[in-house]
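Line by line, the protein sequences give chains A and B.
The opening residue of the first sequence carries number 2 in the numbering used here; numbering runs sequentially from there.
The opening residue of the second sequence carries number 2 in the numbering used here; numbering runs sequentially from there.
There are 2 protein chains.
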Amino acid sequence: MTKADSSSYLENAFTLESLRDSLIRQEDSVIFSLIERAKFPVNSNTYDKSYISVPGFGGSLAEFFVRNTEDVHAKAGRYKTPEENPFFPEHLLPPVVPPFPYPEVLHPASAFININKSIWKVYFDELLPLIAAPGDDGNYASTAASDLACLQALSRRIHYGKFVAEVKFRESPQDYEPAIRSQDREALLKLLTFESVEEMVKKRVAKKAMVFGQEVSLDTDDKEGNYKVNPSVVSRLYEEWVMPLTKIVQVEYLLLRLD
Amino acid sequence: MTKADSSSYLENAFTLESLRDSLIRQEDSVIFSLIERAKFPVNSNTYDKSYISVPGFGGSLAEFFVRNTEDVHAKAGRYKTPEENPFFPEHLLPPVVPPFPYPEVLHPASAFININKSIWKVYFDELLPLIAAPGDDGNYASTAASDLACLQALSRRIHYGKFVAEVKFRESPQDYEPAIRSQDREALLKLLTFESVEEMVKKRVAKKAMVFGQEVSLDTDDKEGNYKVNPSVVSRLYEEWVMPLTKIVQVEYLLLRLD
Numbered sequence: 002m003t004k005a006d007s008s009s010y011l012e013n014a015f016t017l018e019s020l021r022d023s024l025i026r027q028e029d030s031v032i033f034s035l036i037e038r039a040k041f042p043v044n045s046n047t048y049d050k051s052y053i054s055v056p057g058f059g060g061s062l063a064e065f066f067v068r069n070t071e072d073v074h075a076k077a078g079r080y081k082t083p084e085e086n087p088f089f090p091e092h093l094l095p096p097v098v099p100p101f102p103y104p105e106v107l108h109p110a111s112a113f114i115n116i117n118k119s120i121w122k123v124y125f126d127e128l129l130p131l132i133a134a135p136g137d138d139g140n141y142a143s144t145a146a147s148d149l150a151c152l153q154a155l156s157r158r159i160h161y162g163k164f165v166a167e168v169k170f171r172e173s174p175q176d177y178e179p180a181i182r183s184q185d186r187e188a189l190l191k192l193l194t195f196e197s198v199e200e201m202v203k204k205r206v207a208k209k210a211m212v213f214g215q216e217v218s219l220d221t222d223d224k225e226g227n228y229k230v231n232p233s234v235v236s237r238l239y240e241e242w243v244m245p246l247t248k249i250v251q252v253e254y255l256l257l258r259l260d
Numbered sequence: 002m003t004k005a006d007s008s009s010y011l012e013n014a015f016t017l018e019s020l021r022d023s024l025i026r027q028e029d030s031v032i033f034s035l036i037e038r039a040k041f042p043v044n045s046n047t048y049d050k051s052y053i054s055v056p057g058f059g060g061s062l063a064e065f066f067v068r069n070t071e072d073v074h075a076k077a078g079r080y081k082t083p084e085e086n087p088f089f090p091e092h093l094l095p096p097v098v099p100p101f102p103y104p105e106v107l108h109p110a111s112a113f114i115n116i117n118k119s120i121w122k123v124y125f126d127e128l129l130p131l132i133a134a135p136g137d138d139g140n141y142a143s144t145a146a147s148d149l150a151c152l153q154a155l156s157r158r159i160h161y162g163k164f165v166a167e168v169k170f171r172e173s174p175q176d177y178e179p180a181i182r183s184q185d186r187e188a189l190l191k192l193l194t195f196e197s198v199e200e201m202v203k204k205r206v207a208k209k210a211m212v213f214g215q216e217v218s219l220d221t222d223d224k225e226g227n228y229k230v231n232p233s234v235v236s237r238l239y240e241e242w243v244m245p246l247t248k249i250v251q252v253e254y255l256l257l258r259l260d
């Protein structure tokens, strides 16, 4: 594939309409990953720093797992695409694949916007206790792998705010420029908030949690409401964390858009 | 958690009824993973040995990715549970976690039953072209990560045949012993085949592909049938590969059950 081919492939994908489609599609990924994590009980040894023994490493198995898996992903080139942001960006290993001509649609400084520390904290401290049942089945490695899938799906979704902010800015720069020039976070946040859209998203993700988390059998549909992840938790996840964190990404992006 | 706690937790999980529930639940995981892979086009560079440059390594990015991720999973203890089987078992790294007292329910020799080479071949040669659209978006690392999720879900599901065979044997050893003593593969295969059950599984996984792969929106349900993975492909996956490979695992297991 030539540079022209791949650039046009990706440039075409970069409209407000297609970003919306991507965000909606990413809801499915987020919910699938939560349902998969909910297969396992809490498995608290995964998060207990005293459980593992790695010389010179003081973190939990979950952190060990994410750091080491990110090494593999970095070698495979994952963090060269502007859509992906690592949880441990300090010592990224160089890729073993040639550079790919991703179209440069974002402001270059946006590469430094990374709120994965907040996402990590929200995921482990707030969300996980709401989706995993108490208990221990010893499947700590698979548990950590499911945690990573959730973290990556949430991180990708939330940092997509960079693209959303860029497209919104391009569509009506005059709306954003005054607030950017005065570095007015609050004014930007107001410009980016559409309550009716947010209400719709909350309802849609709850519905998706019902559809994807139901027991599907041949005779009857699941009328008992034994969903694998509580739909109201998914709705709350979006209301309290995903949408506010996305807006933080958008605001941070816009603040440097004219630099 | 004490040994007694965790053993009873897992022993309780080990009945024909609970195995059935697990197999049904694993269908969801398999289908989620296929839907997630179908987000990306084929991205053939992921499978092209000439695309990556790693001194001393002659495989594709997909193989590099799976081998290196399995190293991390092995360190996290994944392959100590009898439910998991690595794709590259030759050089498994030792875990950084203490041993977990998984109950010993399987015949010890079953640890050597591993048909992941066949699963690998079926996945890349047969299944992948049926679920990924032609094209290239440069997301090779994420593509390889989705491939690994599919491979792991399929491998876990298919090797669960070991547990199914063990429980079936325990329930009526007299049915299986003659065929085992005469090492009669064909007779065992016949004992393990229930066509009406297989028909039901094929229908159920197709229905799940429709439910999980539909476009969920607030106003209407998806009546257009634009499923993210073709339900008939999922049905065919189970008919032609998952169920036959599971029966191979079951037969191999039973053949050594009296050793």
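Built from N, CA and C at the ideal position, the CB exists for glycine as well.
What you are looking at is a predicted structure, and each value in this text was computed from that prediction instead of being measured.
Q) Of all the CB atoms in chain B, is at least one closer than 9 angstroms to the CB of A:ASN69? A) Chain B, which has a Cβ nearer than 9 angstroms to the Cβ of A:ASN69, makes this yes.
**Q.** Beta-carbon contacts of B:LEU107 that lie in its chain and below 6 angstroms, excluding the five residues immediately before and after
**A.** Hits under 6 angstroms: PRO83, LYS163, GLU167.
Q: Kindly give me the distance between the Cβ atoms of A:ASN69 and A:THR144, rounded to whole angstroms, as I take these residues to be in contact under 8 angstroms.
A: Rounded to the nearest angstrom, the Cβ distance from A:ASN69 to A:THR144 is 15 angstroms, too far for a contact under 8 angstroms.
Q: Return the chain-ordered ranges of every alpha helix (DSSP H) run that is complete within the region 69–145 of chain A and spans a minimum of 4 residues.
A: Correct list: 117–122, 129–132.
Q: Taking B:ARG33 as part of the alpha helix (DSSP H), name the residues at either end of that continuous run.
A: What sits at residue 33 of chain B in the sequence shown is Phe, not Arg. From DSSP, the alpha helix (DSSP H) with B:PHE33 extends over 17–38.
Q: Determine the chain B residues that contact A:THR82 at a beta-carbon separation under 7 angstroms, and present them in chain order.
A: Going along chain B in sequence order, the residues near A:THR82 (Cβ under 7 angstroms) are GLY139, ASN140.
Q) Which first and last residues belong to the alpha helix (DSSP H) in which B:ASP176 is found? A) Note, B:ASP176: alpha helix (DSSP H), 174–182.
Q: Kindly list the residues whose CB is nearer than 6 angstroms to the CB of B:GLU37, restricted to its own chain and excluding five residues on each side of it in sequence; keep chain order.
A: Contacts found: SER147.
Q: List the residues of chain B whose Cβ lies closer than 8 angstroms to the Cβ of A:HIS92, in chain order.
A: Around A:HIS92, no beta-carbon contact reaches into chain B at under 8 angstroms, the shortest distance being about 16 angstroms.
Q: Could you tell me whether the Cβ of A:VAL243 comes closer than 9 angstroms to any Cβ of chain B?
A: So no, A:VAL243 is outside the interface.
Q) What is the DSSP secondary structure of B:VAL55, counted as helix, strand or coil? A) DSSP places B:VAL55 in strand when its eight states are reduced to three.
Q) Mind pulling the chain A residues with CB within less than 8 angstroms of B:LYS40? A) Chain A residues near B:LYS40: ARG26, SER30.
Q | Proximity of B:ALA154 and B:SER23 at Cβ, strictly below 9 angstroms | A | Cβ atoms of B:ALA154 and B:SER23: not closer than 9 angstroms.
(Q) Which of the three DSSP states is assigned to B:GLU240 in this structure? (A) In this structure, B:GLU240 counts as helix in the three-state DSSP scheme.
Q. Under a three-way DSSP split, which group does A:ASP148 fall into?
A. It is helical.
Q) When the cut-off is 9 angstroms and only beta carbons count, does B:THR113 lie next to chain A? A) For the sequence presented, residue 113 of chain B should be read as Phe rather than Thr. Against chain A, the CB of B:PHE113 has no partner CB under 9 angstroms away; the residue lies outside that interface.
Q: Below 8 angstroms on the Cβ atoms is my guess for B:VAL252 versus B:LEU189; work out the distance and round it to an integer in Å.
A: The pair is a contact, with the Cβ atoms about 5 angstroms apart (cut-off 8 angstroms).
**Q.** Chain-ordered neighbours of A:TYR52 on chain B, where CB pairs are closer than 9 angstroms
**A.** Here the neighbours are VAL98, PRO99.
**Q.** Assigned secondary structure, A:TYR161 (DSSP; H/G/I helix, E/B strand, else coil)
**A.** The DSSP-derived three-state label of A:TYR161 is coil.
**Q.** Sequence-distant residues of its chain with Cβ nearer than 7 angstroms to A:ILE114 (five each side left out)
**A.** So the list reads LYS163, VAL250, GLU253, TYR254, once near-sequence residues are dropped.
Q) Does DSSP put A:ILE249 in a helix, in a strand, or in coil? A) Helix.
Q.
So for A:VAL217, helix, strand or coil by DSSP?
A. A:VAL217 sits in coil when the DSSP states are folded into three classes, being neither helix nor strand.
Q. Grouping DSSP H, G and I as helix and E and B as strand, with all else coil, what is A:ASN227?
A. In the structure shown, A:ASN227 falls within a coil segment according to DSSP collapsed to helix, strand and coil.
Q. At a Cβ threshold of 9 angstroms, is A:ALA150 touching chain B?
A. Any Cβ of chain B closer than 9 angstroms to the Cβ of A:ALA150 would place that residue at the interface, and such an atom is present.
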